[in-house]
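Report on one structure; see the data block that follows.
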Amino acid sequence: MSMLNVEDINVYYGSIHAIKGVSFSVEQGEIVTLIGANGAGKSTILKTISGLLHSQTGSIAFQDQSIMGMQPHKIVAHGLAQVPEGRQVFLQMTVEENLEMGAYTRPNSEIGPGIADVYERFPRLKERRRQIAGTLSGGEQQMLAMGRALMSKPHLMMLDEPSMGLAPILVDQIFSIIQELNAAGTTILLVEQNAQMALSIAHRGYVLETGRIVSSGTGAELLNDDAVKKAYLGG
Numbered sequence: 002m003s004m005l006n007v008e009d010i011n012v013y014y015g016s017i018h019a020i021k022g023v024s025f026s027v028e029q030g031e032i033v034t035l036i037g038a039n040g041a042g043k044s045t046i047l048k049t050i051s052g053l054l055h056s057q058t059g060s061i062a063f064q065d066q067s068i069m070g071m072q073p074h075k076i077v078a079h080g081l082a083q084v085p086e087g088r089q090v091f092l093q094m095t096v097e098e099n100l101e102m103g104a105y106t107r108p109n110s111e112i113g114p115g116i117a118d119v120y121e122r123f124p125r126l127k128e129r130r131r132q133i134a135g136t137l138s139g140g141e142q143q144m145l146a147m148g149r150a151l152m153s154k155p156h157l158m159m160l161d162e163p164s165m166g167l168a169p170i171l172v173d174q175i176f177s178i179i180q181e182l183n184a185a186g187t188t189i190l191l192v193e194q195n196a197q198m199a200l201s202i203a204h205r206g207y208v209l210e211t212g213r214i215v216s217s218g219t220g221a222e223l224l225n226d227d228a229v230k231k232a233y234l235g236g
């Protein structure tokens, strides 16, 4: 079953045509990745799905319901959460306060159990629950951003450049967590410049160039595609 269907979206920044007739789908239970160079339009697509930007054309359906024009907080309440590029945690708040903010669409009765679930998945956050988020390392902030998104109980989690600025050992850890979340039932849409890592865990992928999808396939197919290797994998 298609959890997310994006059909023929066109997004502009003023006179700049950033996204040009993009269509793709994410099936329930998949990890799907969008790869491409910086400025290809990957983050713009996620922001359009989240309701932060608007397409001039086409349709976006989530769980068979149109979310085009829906307010961002209603999209989150519907079960679609985004972990933004650069993490964007609330730097002056504690770890636990950040997690509470992630539950703003949920009833109060779910906040305590939700935090307990996040701490079970991210023991490091439990150790630092009273710490100010701005004093955490980059990897810890990424875990916090993911934990905060989990507080909204998403069916689909969108991650925008989760490996950005992290040491290689932390990149491996974050990608392992993404696979664990997926195995536990969360569908994943992943935007990532580290194409090698993204395609190695993705069921399927789409390659973006200057606002257009130029190829698609399984993660394994794209890893072995000569054009993809040359452009994104250093091969």
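So the sequence shown is numbered by our numbering: it starts at 2 and just counts up by one. All C-beta atoms, glycine included, are put in the ideal place defined by N, C-alpha and C.
Next item on the list: Look at the Cβ atom of SER44, then the Cβ atom of ASP161, and state whether they are nearer than 8 Å.
Entry: Within the sequence shown, the letter at position 43 stands for residue 44. Within the sequence shown, the letter at position 160 stands for residue 161. Between SER44 and ASP161, the gap from beta carbon to beta carbon is short of 8 Å.
Notebook entry, point to check: Taking C-beta to C-beta, are LEU209 and MET159 nearer than 8 Å?
Noted result: One-based indexing of the sequence shown puts residue 209 at position 208. One-based indexing of the sequence shown puts residue 159 at position 158. The criterion of a C-beta distance shorter than 8 Å is not satisfied by LEU209 and MET159.
Item checked: Alpha-carbon to alpha-carbon, THR187 and SER201 -> Looking up residue 201 in the sequence shown gives position 200. Looking up residue 187 in the sequence shown gives position 186. Those two C-alpha atoms are separated by around 18 Å.
Notebook entry, point to check: By DSSP, does LEU167 sit in helix, in strand, or in coil?
Noted result: By 1-based counting over the sequence shown, the position of residue 167 is 166. Note: LEU167 maps to coil in three-state DSSP.
Check: What did DSSP end up calling GLN83 once you bin it into helix, strand or coil?
Finding: Looking up residue 83 in the sequence shown gives position 82. Three-state DSSP puts GLN83 in a strand.
Check: How would you label ASP65, buried or exposed, when you count the other beta carbons within 10 angstroms and need 16 or more for buried?
Finding: What you label residue 65 is simply residue 64 of the sequence shown in a count that begins at 1. Looking at its Cβ environment, which holds fewer than 16 other Cβ atoms inside 10 Å, ASP65 is exposed.
Note to self: My assumption, with CB atoms under 8 Å, is that GLU111 sits in contact with ALA104. Please give the rounded CB distance.
What the structure shows: Looking up residue 111 in the sequence shown gives position 110. Looking up residue 104 in the sequence shown gives position 103. Yes, they are in contact, since the Cβ atoms of GLU111 and ALA104 sit about 7 Å apart, within 8 Å.
Check: Under a three-way DSSP split, which group does LEU157 fall into?
Finding: Translated into positions along the sequence shown, residue 157 becomes position 156. DSSP places LEU157 in strand when its eight states are reduced to three.
Notebook entry, point to check: Are the segment 163-170 and the segment 117-131 touching, with three or more C-beta to C-beta distances below 8 Å?
Noted result: Counting Cβ pairs under 8 Å, fewer than three are found: no touch.
Check: Just to confirm, are LEU92 and GLY135 a CB contact at a threshold of 8 Å?
Finding: Against the sequence shown, residue 92 aligns to sequence position 91. Against the sequence shown, residue 135 aligns to sequence position 134. The answer is yes: Cβ separation under 8 Å.
Next item on the list: Flag this pair as touching only if the segment 73-81 and the segment 52-64 have three or more C-beta atom pairs under 8 Å; answer yes or no.
Entry: yes
Check: Are the beta-carbon atoms of GLU193 and PRO163 separated by less than 8 Å?
Finding: Counting from one through the sequence shown, the residue named residue 193 turns up at place 192. Counting from one through the sequence shown, the residue named residue 163 turns up at place 162. A contact, by the Cβ cut-off of 8 Å.
Margin query: Using C-beta distances below 6 Å, list every residue in its chain close to GLY115, excluding the 5 sequence neighbours before and after it, in chain order.
Written below: Counting from one through the sequence shown, the residue named residue 115 turns up at place 114. For GLY115, the CB contacts under 6 Å within the same chain, skipping 5 residues up- and downstream, are ALA104, MET152 in chain order.
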